[in-house]
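Okay, here's the thing in structure tokens:
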């Protein structure tokens, strides 16, 4: 008699998935990068995936290692500024000013208030530019290309302001040790006022596009989260740390360049995920904007015409004086030939860069070039945590996490 | 807290617990700087992490340095620590011989030290004992030599297109 | 500031020499293919560093590269015509650049944007490749650090001129194959 129930197995006969069976699972190895539309810069990740879920990843960096620290040992102090430009190139003025402040700490120079407020205007403009790139690119990676196009128009306005002052758009080499190379021309002030008048409307438009957008929130909430304890242990600083809940900002903790005269709040997130990082940066743009407005008002109250400190050993005298005045001629010669007296010592100075605490550790032995210059680069330190942040997430979350950490390849590899 | 007060308070605590592992303590510009013996460095940092009155729970920076003129103490590693709630910053330095460039790893205390120690190995050849992945990070894996040592040349010696005579070298 | 644009200073695109009639236009195949290729380039943005950000500004609305036909970026080398190398190429990245170049199908052109890609730039160091023409053949160099978007667009226009005037037999000629052999590319 044929067994009609041949295919109906009882519970006791159903095969059981044991731990040994799970071990036999095969994982897919996926190579993400170094050339990939979503990696913003060149870094590679080899992902071990179980279907779409990431089990582990192994990053490789160094594809754009340009030996900044070795190069800095060959160049005199004022020639190192163009190298610092290329660290976090989305916000080069912050790097430049950080370097100048480090040297000013070494030579113990004090700057007039007007110069420090002018520096703050430039640094906050470049912080806005950096956060605009990061936020619009998070949108692009999630599929929202419109925000990118609108936001880059605002970046063009910031570029025009930089161009009026120093001549360059992106890698600015702005400022000198002791202040600025020239006073801000009237055209620059006009553009700054125009920017102050027109920027809020565009930023509100960008926010309307993404901030309460259902699709964007579903993509980014919960993606790539990290707790505050792990973030601190990994050495996170800047918006990545503030999104995890720790309100650490170098401008408030160790104020430099008269930041203590300004009123601003530090936005802090709760979960440390991509949405929090996006929102922290968005709010920081508003805070930077308010600082710029305060700085412009304060500068208008100060006497005009002061744009550098009196550091004759480092600041080149104006050409008219060089040709007419013996003392200026001698200083010019000494600065260019490297005959000035540079104090010995070691100094560490940190500024709040676009991604966190950008530190400069300078060891000087009295020579024309630094003996050792080390850049404490926030992107390098926080990218270490990337494998831990994406464990258990989907591949698309990994992409959005990477772009929300704002890893700039120049700062990663230096 | 003023740097001198911070220096004395940290120094007293360290000397109580580690005695002569603390070689020197001084203020350089605005940082208290301690020079420690190499083999005790991880214990010192762990102590500064755990001790309730010290609580230096943030590793700001880790880098290497090379002084070819200090015979017997050519290579060094510099650590910057930060106590965020009280805003105290200190610097710790260790120095050791060129031919004995082994340092215990800090990754057990701070995960931030992982890549920074790899970078120090890549640039100076300092091996961190106990590191989970002691490989080069910035340069190509099969590179010979350690670039940031003073005797290593900056330019690539095999390049053909840069005429040294024209560049004043 | 509206300026009156006179008819005389607008340059219309001129058609290539050929025979024209009601409903047809006959010219040589070279020219037609040249026009088609030149006005619909699919670039592959190989952006490594700062020049990449200036490229993003060139693609954005202010300096729109899409007006030159290069609107659709292709990140896959198999579908791209123009390899735009933007930024410093380190020695670690060299083999990857060469692999991307060999994966591109003929006809392919290379634009080297920025001083670092053209000659190593300010980074005359042990880890930076002193110019991508050490490993792949380059058609147009755009100097600058970083070049202004207008310079990049000028480079694109020069590439368009090269493409328009290229013979369709060029890629199968032995001189071309010899040139590729010099770089070690089959």
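Chains as they are written, first to last, in this note's numbering: chain A, 1 to 414; chain B, 415 to 583; chain C, 584 to 769.
Don't be surprised by glycine CBs; every beta carbon is placed ideally from N, CA and C.
Everything numeric in this text was worked out from a predicted model, so none of it was measured.
Looking only at its own chain, which residues have a Cβ that is under 6 Å from the Cβ of residue i, when we skip the five neighbours before and after it?
i: residue 68 of chain A; result: 83 and 414
i: residue 423 of chain B; result: none
i: residue 228 of chain A; result: 244, 245 and 246
i: residue 758 of chain C; result: none
i: residue 346 of chain A; result: 363
i: residue 419 of chain B; result: none
i: residue 555 of chain B; result: none
i: residue 724 of chain C; result: 695 and 701
i: residue 5 of chain A; result: Since pLDDT at residue 5 of chain A reaches only 48, below the 50 mark, its modelled position is unreliable, and the value read off the structure follows with that caveat. None.
i: residue 497 of chain B; result: 469 and 470
i: residue 487 of chain B; result: 509
i: residue 610 of chain C; result: 599 and 601
Taking the alpha-carbon of residue i as reference, which of the options has the nearest alpha-carbon?
i: residue 139 of chain A; options: A:185, A:214, A:157 and A:199; result: A:214
i: residue 272 of chain A; options: A:258, A:198, A:239 and A:288; result: A:239
i: residue 406 of chain A; options: A:265, A:133, A:348 and A:303; result: A:133
i: residue 342 of chain A; options: A:105, A:233 and A:204; result: A:105
i: residue 456 of chain B; options: B:483, B:438, B:443 and B:495; result: B:495
i: residue 395 of chain A; options: A:40, A:46, A:112 and A:41; result: A:46
i: residue 219 of chain A; options: A:275, A:254 and A:366; result: A:275
i: residue 563 of chain B; options: A:297, A:335, A:71 and A:181; result: A:71
i: residue 310 of chain A; options: A:277, A:107 and A:375; result: A:107
i: residue 529 of chain B; options: A:66, A:291 and A:383; result: A:383
i: residue 717 of chain C; options: B:575, B:471, B:551 and B:523; result: B:575
i: residue 257 of chain A; options: A:164, A:101 and A:222; result: A:101
i: residue 340 of chain A; options: A:348, A:314, A:359 and A:211; result: A:314
i: residue 280 of chain A; options: A:253, A:331, A:242 and A:295; result: A:242
i: residue 435 of chain B; options: B:465, B:453, B:492 and B:525; result: B:453
i: residue 437 of chain B; options: B:444, B:443 and B:425; result: B:425
i: residue 43 of chain A; options: A:211, A:54, A:230 and A:65; result: A:65
i: residue 689 of chain C; options: C:661, C:601 and C:608; result: C:661
Pull up the DSSP beta-bridge partners for residue i, would you.
i: residue 244 of chain A; result: Beta-bridge pairing links residue 244 of chain A to no other residue.
i: residue 99 of chain A; result: DSSP lists no partner for residue 99 of chain A.
i: residue 692 of chain C; result: C:665
i: residue 45 of chain A; result: A:32 and A:59
i: residue 673 of chain C; result: C:711
i: residue 628 of chain C; result: C:667
i: residue 477 of chain B; result: B:492
i: residue 179 of chain A; result: A:176 and A:308
i: residue 447 of chain B; result: B:440 and B:505
Excluding the 5 residues preceding and the 5 following residue i in the sequence, name in chain order all residues of the same chain whose CB lies nearer than 7 Å to its CB.
i: residue 669 of chain C; result: 628, 629, 630, 631, 634, 635, 638, 696, 697 and 700
i: residue 727 of chain C; result: 697, 698 and 734
i: residue 545 of chain B; result: 519, 521 and 531
i: residue 623 of chain C; result: 652
i: residue 264 of chain A; result: 287, 290 and 291
i: residue 538 of chain B; result: 478, 480, 489, 560, 562 and 563
i: residue 299 of chain A; result: 114, 117 and 118
i: residue 755 of chain C; result: none
i: residue 462 of chain B; result: 468, 470 and 495
Sorry if obvious, but does the Cβ on residue i come closer than 7 Å to a heavy atom of the ligand GTP?
i: residue 538 of chain B; result: With respect to the ligand GTP, the structure shown offers nothing to examine, as it has no ligands at all.
What does a CB cutoff of less than 8 Å around residue i pick up in its chain, not counting 5 residues either side in sequence?
i: residue 161 of chain A; result: 125, 188, 191, 192 and 195
i: residue 155 of chain A; result: 129, 132 and 133
i: residue 515 of chain B; result: 489, 538, 539, 540 and 541
i: residue 56 of chain A; result: 47, 48, 387 and 391
i: residue 385 of chain A; result: 226, 230, 231, 234 and 236
request  = State whether the region 391-403 of chain A contacts the region 34-41 of chain A, with contact taken as three or more CB pairs (one from each stretch) at a distance under 8 Å.
outcome  = Touching, yes, given that three or more Cβ pairs across the two stretches are closer than 8 Å.
key: Every unbroken alpha helix (DSSP H) inside the region 700-759 of chain C [4 residues or more]   = Positions of the alpha helix (DSSP H) runs, each at least 4 residues long and wholly inside the region 700-759 of chain C, are given as 732-747 in order along the chain.
task = Say whether the region 81-95 of chain A touches the region 118-126 of chain A, bearing in mind that this needs 3 or more beta-carbon pairs closer than 8 Å, one atom from each stretch.
result = At 8 Å Cβ cutoff, the stretches touch.
key: Cβ pair count under 8 Å reaching 3, the region 48-56 of chain A against the region 356-376 of chain A   = No, they do not touch.
inquiry  = Check whether the region 439-458 of chain B and the region 503-512 of chain B touch, using three or more Cβ-Cβ pairs below 8 Å as the test.
reply    = With the rule of 3 Cβ pairs closer than 8 Å, the region 439-458 of chain B counts as touching the region 503-512 of chain B.
inquiry  = Below 8 Å, how does it come out for the region 322-334 of chain A and the region 467-475 of chain B: are there three or more Cβ pairs, yes or no?
reply    = With a cut-off of 8 Å, the region 467-475 of chain B and the region 322-334 of chain A do not count as touching, because too few Cβ pairs lie within range.
task = Pair every Cβ in the region 109-124 of chain A with every Cβ in the region 296-315 of chain A, then say whether three or more of these pairs are closer than 8 Å.
result = The answer is yes - the region 296-315 of chain A touches the region 109-124 of chain A, with three or more Cβ pairs under 8 Å.
key: Segment contact, 8 Å Cβ cut-off, at least three pairs: the region 671-679 of chain C with the region 639-658 of chain C   = No contact exists between the region 671-679 of chain C and the region 639-658 of chain C.
key: Any beta strand (DSSP E) of 3 or more consecutive residues that is wholly inside the region 487-566 of chain B   = Within the region 487-566 of chain B, the complete beta strand (DSSP E) runs of at least 3 residues are 489-497, 502-510, 516-518 and 541-543.
Whole runs of the alpha helix (DSSP H) within the region 107-160 of chain A, excluding any shorter than 4 residues = As summarised for the region 107-160 of chain A, the continuous alpha helix (DSSP H) elements at least 4 residues long and confined to that stretch are 113-142, given in chain order.
query = What residue ranges within the region 631-661 of chain C form continuous beta strand (DSSP E) runs of no fewer than 3 residues, ordered along the chain?
reply = The qualifying runs do not exist here; there are none.
key: Given 8 Å, three or more beta-carbon pairs between the region 739-747 of chain C and the region 706-720 of chain C   = The region 739-747 of chain C is not in contact with the region 706-720 of chain C.
request  = Could I get the ranges of all uninterrupted alpha helix (DSSP H) runs contained in the region 335-393 of chain A, with 4 residues as the minimum, in chain order?
outcome  = For the region 335-393 of chain A, whole alpha helix (DSSP H) runs of length 4 or above, ordered along the chain, are 378-383 and 386-390.
Contiguous alpha helix (DSSP H) assignments of at least 4 residues, all confined to the region 277-328 of chain A = Inside the region 277-328 of chain A, DSSP marks whole alpha helix (DSSP H) runs of 4 or more residues at positions 319-324, from first to last along the chain.
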